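This report concerns only the one structure given below.
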Amino acid sequence: MRVITCLLLFTSSLFAENRKPNFVFILADDLGIMDMSCEGSTLHETPHIDRIAHEGMRFTEGYSTCQVCSPSRASIMTGKYPVRHGVTDWIGAPVGLAWKRNDKVLPSEYKKHLGHEETTLAEALALGGYKTFFAGKWHLGDKGSHPEDHGFQINKGGHRKGSPPGGFFAPYNNPKLEDGPAGESLPIRLAEETATFIRANKAQPFLAFLSFYSVHAPIQTTPALWRKYRDKAQQEPHQGERFLLDRTKLVRQVQDCPIYAGMMEAMDDAVGIVLKQLDDLELAENTVVIFTSDNGGVSSGDAFATSCLPLRGGKGRQWEGGIKQPYYIKAPGLTKSQSTSATPVTGTDFYPTMLDLAGLPLLPAQHVDGLSLVPLIHGKEIADRALFWHYPHYGNQGGEPSAIIRKGDWKLIHYYEDGRDELYQLSQDIGEQNDLAARNPELAQTLRTELNTWLKATEALIPQQDQRYNPVAKKKYQEDSIKQQQSRLEKAHARYLEPDYVPNKNWWGSKLIRDESE
1 MRVITCLLLF
11 TSSLFAENRK
21 PNFVFILADD
31 LGIMDMSCEG
41 STLHETPHID
51 RIAHEGMRFT
61 EGYSTCQVCS
71 PSRASIMTGK
81 YPVRHGVTDW
91 IGAPVGLAWK
101 RNDKVLPSEY
111 KKHLGHEETT
121 LAEALALGGY
131 KTFFAGKWHL
141 GDKGSHPEDH
151 GFQINKGGHR
161 KGSPPGGFFA
171 PYNNPKLEDG
181 PAGESLPIRL
191 AEETATFIRA
201 NKAQPFLAFL
211 SFYSVHAPIQ
221 TTPALWRKYR
231 DKAQQEPHQG
241 ERFLLDRTKL
251 VRQVQDCPIY
261 AGMMEAMDDA
271 VGIVLKQLDD
281 LELAENTVVI
291 FTSDNGGVSS
301 GDAFATSCLP
311 LRGGKGRQWE
321 GGIKQPYYIK
331 APGLTKSQST
341 SATPVTGTDF
351 YPTMLDLAGL
361 PLLPAQHVDG
371 LSLVPLIHGK
381 EIADRALFWH
391 YPHYGNQGGE
401 PSAIIRKGDW
411 KLIHYYEDGR
421 DELYQLSQDI
431 GEQNDLAARN
441 PELAQTLRTE
451 LNTWLKATEA
461 LIPQQDQRYN
471 PVAKKKYQED
481 SIKQQQSRLE
491 KAHARYLEPD
501 YVPNKNWWGS
511 KLIRDESE
C-alpha cells in the first residue's frame, strides 16, 4: 500500500449530522442489466434493488470495465482500467501455450492477484477514518491477497474462488465463512453479516462492501421459489426456440428460467435486509448506497440462465450485453428520486466519487482512469471523454479477443483475431445489428486511431497468433458442438418448467435441516 502523505480534510456538510457519510456498496455477480424489474424484466421481481434505483440516480449508460469478473472488480478497487492494474482476465484462466483450445490467437498474460502497490478504495477510506467490511465474492487473489490484505478490516467469505464452493446453501465449504445451519441461504447469510457489521459500527463512518456470489452459476433455488416462477413463466409460455446462434455461441432469447428467477428474488431479499437495517438504525439519510454488477448476464455459456435482449451478447462478450450494467447511486440529500443520467460512466468512477462524497482528497495518481460523478449527481456535467476496454482473451461464453472504444454515441470494436473493426451507433442500434464501419470509414479510422493511441500509452499486451491453429478442424468442431448443445439446452430448459421437475432429493441442500442435537 502506498503511503498517503496528503492531509485528510473532512467536508461532510452535505450529509446529516455533519458527519462523514457511510457507504454500502452492493456488487452483484453476473447480473445483467435487463434482470431487474426496474429495467424491464417482467419475470424477475426485484423491489429492493429497484428502490435503490428509484431513490437515487440511475445511470442509464453505466458500464463495467470488462466483460468478465476479476478485471472489473479490480477496477472498482483501484480506479484503473484492467490494462493498467494488470488483471485482464478472470483469475484462473489459462494463457499462452497453456491455452488448449484450437483458436487463432494465444490469450495474453495477465496478473494473478490484485497488486499490493495499489492503494485500494478500502485502504483510502480506512486512512480517512472509516471502518471497512467485506462480505462475499472476492476472486482477486489467493492467500496473501485476500480482502484483509487490501484494506478490509473484516472479511466474511472473500477468498480466491469465483463461484461459491459449496453452492448457495450451507454447508458453504468456504474457508472465510463459518457454516450456518444446513440449508441456510448464502445471499441471506451475507446480508445478515453485513447488517451485523452496520449495527456494530453505527456510531462511526463505515464502508460495507457486500459482494454477492449471486447470480453466478451454479443456478440453485428452493422448491417454493421455483414453483412461484415456474407458474409465472407459464402464464405466457415462450414459443419457439430458446437458444439461437450468434457468431460463436448459442444465446438465450427469453427470461423464463424459474431457477434463476428464484435466485434473483433471494438476492433481492438480501438487499432488503441491508436497506431495512439502515432504516431501523436511522442511518439511511447519512448512507450512500451503490448497486452495480461486475459484468453482463449469462446468456451464453455457464448455465445459459438469462437473456440480455434487446442488448446483444452477455457475459464474456464484447457487445453491450457483456459490459453495460445496472449502475445506481443513492446519495441522500444529493440525488433526487427518479433521477437519471445518460452520461456514459464506468467502474473506475466509483473510487473518486466515493472519496469526493466522503470529503476526502482525491488521489488522481491512483484512480487515474476514474472521474468523480458528484457533478452529475448535482445535476451538472462532467468533461466529455472516451471509454475504453481491452480484453486480449477468449471468453468462455463466446467472447472474442478485442479492444473497444466508446465515444459519444459511437462504439468501435477492434478484433485481434483478424484485425477487423465493427462500428455501431448505439442510440440508433442498441442491439448492435448494423455494422457501419464500411459506410463511415473516416469515423471508424478516427476512433481506431484513438483506440490504438490508448493501447500504446497503456502498454497493452496484444495477443499473438497461435501457430497450432487448424481452421478446418475448428469449423467442424463448432458445427458439431453447437448442434449437440442446442438440442441439450432446449430439452434441459424446457424441463425446468415441467410441473414434476425435481433436480435432486434436497434441492441443492435448501431442504436440509441441521439436527440441533449435534
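Read in order, the letters of the sequence shown are residues 1 to 518 in my numbering. By construction, the Cβ of each residue, glycine as well, lies at the ideal position given by its N, Cα and C atoms. A quick note: this is a predicted structure, and the numbers were derived from the prediction, not measured.
In its chain, beyond the 5 residues on either side, I430, G431 have a beta carbon closer than 7 Å to the beta carbon of P310.
Excluding its 5 nearest sequence neighbours in each direction, G141 has C-beta neighbours in its own chain below 6 Å: H113, L114, listed in chain order. Excluding the 5 residues flanking it on each side, Y110 has same chain C-beta neighbours closer than 7 Å at G86, V87, T88, D89, V95, in chain order. One Cα belongs to T119, the other to P47, and the distance between them is close to 35 Å. Beta-carbon to beta-carbon, K324 and F212 are separated by about 19 Å, too far to satisfy the 8 Å threshold. Positions of the beta strand (DSSP E) runs, each at least 3 residues long and wholly inside the region 152-187, are given as 154-156 in order along the chain. Cβ neighbours of L207 within its own chain (closer than 6 Å, five residues either side excluded): F23, L125, Y130, T132.
The alpha carbon of P175 has as its nearest neighbour, out of G183, P164, K100, the alpha carbon of P164. Between T65 and T346 a beta carbon distance of about 6 Å is seen, short of the 8 Å cut, so the two are scored as contacting.
In this structure, the beta-carbon distance from W454 to F388 falls below 8 Å.
Taking P223 as the centre and dropping the five residues before and after it, the same chain places the C-beta of W507 closer than 6 Å to its C-beta, in chain order. Contact between N396 and G301 holds: CB atoms are separated by about 5 Å, below the 8 Å threshold.
By the CB criterion at 8 Å, G167 and P205 fall outside the cutoff. Distance from the CA of L447 to the CA of G509, rounded to the nearest whole angstrom, comes to 51 Å. Around the beta-carbon of P21, 16 or more other beta-carbon atoms lie within 10 Å, marking it buried. Setting aside the 5 residues that flank it on each side, G321 is surrounded in the same chain by G296, C308, L311, R312, G313, G314, each with a C-beta closer than 6 Å to its C-beta; the list follows chain order. Look at the beta carbons and you see the region 392-406 touching the region 246-258: at least three pairs across the two are nearer than 8 Å. Residue range 421-425 is occupied by the beta strand (DSSP E) that includes Q425. Under DSSP, G136 takes part in a beta bridge, and its partners are S211.
Straight across, the Cα-Cα distance linking E498 with E236 is about 14 Å. P326 places its beta carbon less than 8 Å from that of E39.
Of all alpha-carbon atoms in H414, E178, R488, the one lying nearest the alpha-carbon of Q445 is that of H414. If you draw a straight line from the Cα of I33 to the Cα of P187, it comes to about 19 Å. A straight line joining the alpha-carbon of V289 with that of A331 spans about 7 Å.
Beta-bridge analysis with DSSP links W389 to I404.
The Cβ atoms of G359 and G79 lie no closer than 8 Å to each other.
By the neighbour-count definition (other C-beta atoms within 10 Å, threshold 16), L281 is an exposed residue. Bridge partners of K474 according to DSSP: none are assigned. Taking C-alpha positions only, L489 is separated from F243 by approximately 8 Å.
A Cβ-Cβ separation of about 6 Å places T306 in contact with D35 under the 8 Å criterion.
Straight through space, the alpha carbons of Q318 and D409 are spaced by roughly 17 Å.
Spanning the alpha carbons of A53 and I329 requires a straight line of approximately 7 Å.
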